[in-house]
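First the structure, in the form of structure tokens, and then the observations on it.
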Amino acid sequence: MSAGKILLGIAGLLIALIVIAGLLVSGTYNRLVTLQQATDAAWAQVQNVYQRRADLVPNLVSTVSGAANFEKSTLAEVTAARASVGRVQLPAGGAPTDAAKLAEFEQAQGQLGSALSRLLVVSERYPDLKATAGFRDLQAQLEGTENRIAVERGRFNDAVQAYNTAIKTFPAVLFAGMFGHSVRPYFTATPGAEKPPAVQFDFGAKSAPATP
């Protein structure tokens, strides 16, 4: 075999390797972008349902505060918790990449959820609220929203798991950093977090507090 044919063979092999490498890199890049977009879309849904809950709070507080002698400290706690949620600033344009920031967001949302749960428990002592159509409607909306929050948080964690797994496996692990992809944080589980707050009431056996 002549030297020329050997050189041509080597050149052809190099070209083939370059083409294969290019296809591998582009395929990996496209897959990571797709998974990243999926986490961003899941995060947007999480934000939507949390915003829906926040939007319900003013009407809920207004309706409940109309009950005679309703505990003002409980209402103040809910209002303060909602305000703290609004003060948590996360980068716009996609799912958070900073675990500390996500933890801060999650803590603020958890405080609001707990405050709302306590408000609704206290509301059981005010049977007159049961006759208020506005309260019943807000109760149903809040229950649906809490269920939706649990669902969307789970979907977000699933999307993040797929993304994080992809960037740690071969061949993506070779290129992920170069493409700007890094591990994203999950929502963390807390005891009882898999169950939405109970917002069903039984006013029948209760009596309203006596008016001083």
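Following this note's numbering, the numbering of the sequence shown begins with 565 at its first residue and continues without gaps. Cβ coordinates follow ideal geometry from the N, Cα and C atoms, glycine included.
Might you give, ordered along the chain, the residues of its own chain that have their beta carbon closer than 8 Å to the beta carbon of residue i, omitting 5 neighbours on each side?
{"i": "Arg651", "result": "Ala672"}
{"i": "Asn728", "result": "Val747 and Arg748"}
{"i": "Leu588", "result": "Pro735"}
{"i": "Ala602", "result": "Ala723, Ala726 and Tyr727"}
{"i": "Glu635", "result": "Val686"}
Would residue i and residue j qualify as a contact pair, given that the criterion is a beta-carbon distance under 8 Å?
{"i": "Thr638", "j": "Pro735", "result": "no"}
{"i": "Phe751", "j": "Arg700", "result": "no"}
{"i": "Thr627", "j": "Thr696", "result": "yes"}
{"i": "Val613", "j": "Ile713", "result": "yes"}
{"i": "Gln675", "j": "Leu620", "result": "no"}
Skipping 5 residues on each side, what residues in its chain have a beta carbon closer than 6 Å to that of residue i?
{"i": "Thr661", "result": "Arg748"}
{"i": "Leu624", "result": "Leu702"}
{"i": "Ala726", "result": "Leu599"}
Applying the 10 Å Cβ sphere with the 16-neighbour rule, what's the burial state of residue i?
{"i": "Gly741", "result": "exposed"}
{"i": "Thr733", "result": "exposed"}
{"i": "Ser687", "result": "buried"}
{"i": "Leu577", "result": "exposed"}
{"i": "Pro755", "result": "No answer about Pro755 holds up, because its pLDDT of 46 lies below 50 and its placement is not dependable."}
{"i": "Ala640", "result": "exposed"}
{"i": "Ala679", "result": "buried"}
My output table needs one value for residue i: the three-state DSSP class, helix, strand or coil.
{"i": "Pro755", "result": "Note that Pro755 has pLDDT 46, beneath the 50 cutoff, so the model's placement of it is unreliable and the number below is only indicative. In this structure, Pro755 counts as coil in the three-state DSSP scheme."}
{"i": "Thr598", "result": "helix"}
{"i": "Glu707", "result": "helix"}
{"i": "Val563", "result": "Residue 563 is absent from the structure shown; the chain starts at 565 and stops at 776."}
{"i": "Phe734", "result": "coil"}
{"i": "Asn633", "result": "coil"}
{"i": "Glu688", "result": "coil"}
{"i": "Thr696", "result": "coil"}
{"i": "Thr643", "result": "helix"}
Can you name, in chain order, every residue of its own chain whose Cβ lies under 7 Å from the Cβ of residue i, other than the five neighbours on each side?
{"i": "Leu654", "result": "Pro660, Lys665 and Phe669"}
{"i": "Leu596", "result": "Ala730, Ile731, Ala736, Ala740, Phe743 and His745"}
{"i": "Gln618", "result": "With the sequence shown as reference, residue 618 is identified as Ala, and Gln is not the correct amino acid for it. Here the set comprises Arg646 and Val649."}
{"i": "Gly630", "result": "none"}
Exercise for the section: Indicate whether the contact test is met: 3 or more Cβ pairs, each with one atom in the stretch 691-701 and one in the stretch 638-647, closer than 8 Å. Expected result: By the Cβ test, the stretch 691-701 is not in contact with the stretch 638-647, since fewer than three Cβ pairs between them sit closer than 8 Å.
Any 3 or more C-beta pairs closer than 8 Å across the stretch 715-731 and the stretch 601-616
Contact annotation: the stretch 715-731 touches the stretch 601-616, with at least three C-beta pairs closer than 8 Å.
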